[in-house]
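For reference, the structure discussed in these notes is given below.
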Ligand code: NAD
Ligand code: ADE
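Numbering (the working numbering), first residue to last: 301 to 718.
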């Protein structure tokens with residue numbers, strides 16, 4: 301079996317970490333047990349380009365239990381957990397192509413290994429597989445029936461392909477399921493981003509000023525968790541509605557040129573490019589910490605910083621110190637890549653349970669329905685989304701009320717007024 305992982309000897313550690321995560325993924329566990337009996341993915345090759353973590357490993361086991369012939373590659377050069385990659389290869393015979401710290405050439409050789417697997421189904425986090433297929437459709441499109449996409453940025457890329465009439469196969473936007481972005485993007489990114497900042501720097505959050513760029517699902521999570529730890533939080537936005545929400549949630553909102561003068565820690569979660577740029581670095585306080593938990597490595601303009609800085613040195617794992625001509629220092633975490641997955645372990649398993657339940661059930665759904673699907677971006681069907689919420693509550697031991705007959709009738713009636 302072909303693979304490319306850092307060191308198979310790490311598999312033992314990966315094995316117990318995989319088990320630990322699995323124990324906190326009861327919804328995915330229930331799906332795995334059903335999949336092992338029913339084999340809904342039998343005969344299908346599936347290539348996944350996801351962060352190679354202990355949670356993703358549990359998803360791979362679910363898909364394999366369902367009968368799929370799975371292959372996994374990294375969706376980010378820094379997020380791979382090498383012990384997990386080794387364990388999937390050695391103990392579960394799942395081909396993995398992912399090495400933490402891989403360079404661009406090796407990263408793309410892995411993407412092409414995923415395509416050489418001739419997938420029927422693609423599973424992306426950021427649309428790298430899909431965009432490679434769209435660049436060479438004659439070579440790679442042949443067997444594909446459908447795909448799934450995990451994150452906001454990937455869905456944006458796919459919707460723009462769809463809008464141009466150029467999307468070549470149906471894709472399920474897993475990110476847009478309520479049981480995904482309400483929880484993963486908000487609570488997952490909220491907690492794991494601060495975890496990444498703290499593991500990389502060991503700074504005290506209490507009493508510091510945290511600037512959060514973007515008040516979407518991820519931004520809300522980061523802002524509320526930073527505030528919960530005692531930080532003064534400033535939000536920057538470009539959307540008036542989201543900015544208003546941030547104001548009414550109790551945060552200060554101001555443009556980045558003002559925020560840079562006040563911030564100690566900066567987190568970008570916009571999905572946009574060059575959100576922190578040359579002019580912003582120049583106005584920051586000495587020893588400002590800058591990181592990204594949003595999109596690839598494009599939110600912080602590192603090229604600008606590299607050009608302006610007169611000195612650069614690594615100072616801790618995942619921390620680069622840049623000294624500006626003014627003598628002030630800026631600390632960039634994880635090379636401007638996702639700090640929660642590069643400096644920490646990504647979202648906790650408890651929340652990835654729902655995201656990956658959506659992935660597994662979406663793979664089953666496309667295998668059942670692909671013949672009637674068009675070349676469009678689809679939402680996860682509402683009944684799947686609701687079922688995941690129901691199961692998650694149940695596994696958390698939380699019960700809710702049921703509508704009475706009278707309530708059902710009342711809600712269906714239009715006659716009754718005040
Ligand atoms: P979202 O669309 O809900 O929010 C993004 C927000 O950023 C919007 O409110 C938008 O108005 C704002 N924005 C855009 N450009 C801006 C700018 N120049 N300055 C300030 N604000 C700006 O998206 P989301 O679900 O919060 O996702 C944000 C990013 O995080 C995406 O790239 C997504 O793929 C990524 N993401 C990362 C993780 C992770 O594990 N780190 C998890 C989920 C999503
Ligand atoms: N994205 C964010 N956190 C993740 C995790 N723990 N595993 C896989 N993908 C993720």
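For each residue, glycine too, the CB sits at the ideal point set by N, CA and C.
Cβ-Cβ separation, residue j to residue i (assumed contact under 8 Å), whole Å
i	j	result
residue 635	residue 597	6 Å
residue 349	residue 403	About 17 Å; that fails the 8 Å criterion.
residue 387	residue 314	3 Å
residue 511	residue 581	Between residue 581 and residue 511 the Cβ distance is about 13 Å, and since that is not below 8 Å, they are no contact.
residue 593	residue 638	6 Å
residue 287	residue 677	For residue 287 there is no data in the structure shown, the boundaries of the chain being 301 and 718.
residue 568	residue 514	7 Å
residue 631	residue 587	7 Å
residue 373	residue 398	6 Å
residue 306	residue 382	4 Å
residue 553	residue 576	Contact flag wrong, Cβ pair sits at about 17 Å.
residue 509	residue 531	7 Å
residue 578	residue 623	In fact, because the Cβ distance is near 15 Å, the residues do not count as touching under 8 Å.
Where the alpha helix (DSSP H) through residue i begins and ends
i	result
residue 575	It is not in any alpha helix (DSSP H) - residue 575 carries neither H nor E in the DSSP assignment.
residue 438	437-440
residue 683	682-695
residue 546	540-548
residue 707	705-712
residue 608	602-608
residue 558	556-562
residue 317	311-323
residue 664	649-669
residue 639	639-642
Closest Cα partner of residue i within the set the options
i	options	result
residue 644	344, 332, 351 and 313	351
residue 627	601, 444 and 585	585
residue 406	375, 633 and 433	375
residue 650	631, 620 and 688	688
residue 301	655, 540, 609 and 395	395
residue 329	385, 664 and 654	654
residue 682	533, 608 and 480	480
residue 338	664, 357 and 381	664
residue 640	418, 498, 316 and 613	498
residue 647	379, 615, 564 and 622	379
residue 633	716, 625, 617 and 462	617
residue 558	629, 535 and 589	535
residue 443	495, 494, 360 and 345	345
residue 485	389, 690 and 571	571
residue 482	686, 612 and 533	686
residue 529	505, 560 and 540	505
residue 428	418, 439, 609 and 455	455
residue 436	426, 707 and 466	466
residue 728	469, 710, 629 and 714	Residue 728 is absent from the model: the chain starts at 301 and stops at 718.
Enclosing beta strand (DSSP E) for residue i [first to last residue]
i	result
residue 632	629-633
residue 588	588-592
residue 611	611-616
residue 533	532-536
residue 566	565-568
residue 677	677-679
residue 598	No beta strand (DSSP E) contains residue 598, which DSSP labels as neither H nor E.
residue 623	619-623
Proximity test, residue i beta-carbon vs ligand 4 heavy atom, cut-off 6 Å
i	result
residue 538	Looking for ligand 4 in the displayed structure turns up nothing; the ligands present are ligand 1 and ligand 2.
Test: residue i CB closer than 7 Å to a CB of chain C
i	result
residue 531	Looking for chain C here will not work: only one protein chain is present.
_4-residue-minimum alpha helix (DSSP H) runs that sit fully inside the segment 384-436, ordered along the chain_ = 404-416 and 428-435
_To test your reading of the DSSP string, which unbroken beta strand (DSSP E) runs of 3 or more residues are found completely within the segment 438-525?_
446-449, 471-473 and 509-513
*asked:* Within 8 Å, do at least three Cβ pairs link the segment 405-414 to the segment 665-684?
replied: no
_So within the segment 326-380, which uninterrupted alpha helix (DSSP H) runs reach at least 4 residues, ignoring any that extend past its ends?_
326-338 and 354-365
*Decide if the segment 351-364 is in contact with the segment 312-323; the criterion is three or more beta carbon pairs, one per stretch, under 8 Å apart.*
yes
_Three or more C-beta pairs below 8 Å linking the segment 487-499 and the segment 515-529_ = yes
*Sufficient close CB pairs (3 or more, under 8 Å) joining the segment 688-704 to the segment 447-455*: no
*Count the C-beta pairs between the segment 467-476 and the segment 654-666 that are closer than 8 Å, then say yes if the count reaches three, no if not.*
yes
*Check whether the segment 326-345 touches the segment 359-367, taking contact to mean three or more Cβ pairs, one atom from each stretch, closer than 8 Å.*
yes
*asked:* Is it the case that the segment 555-566 contacts the segment 604-614, given that we only count it when at least three CB pairs across the two stretches are under 8 Å?
replied: no
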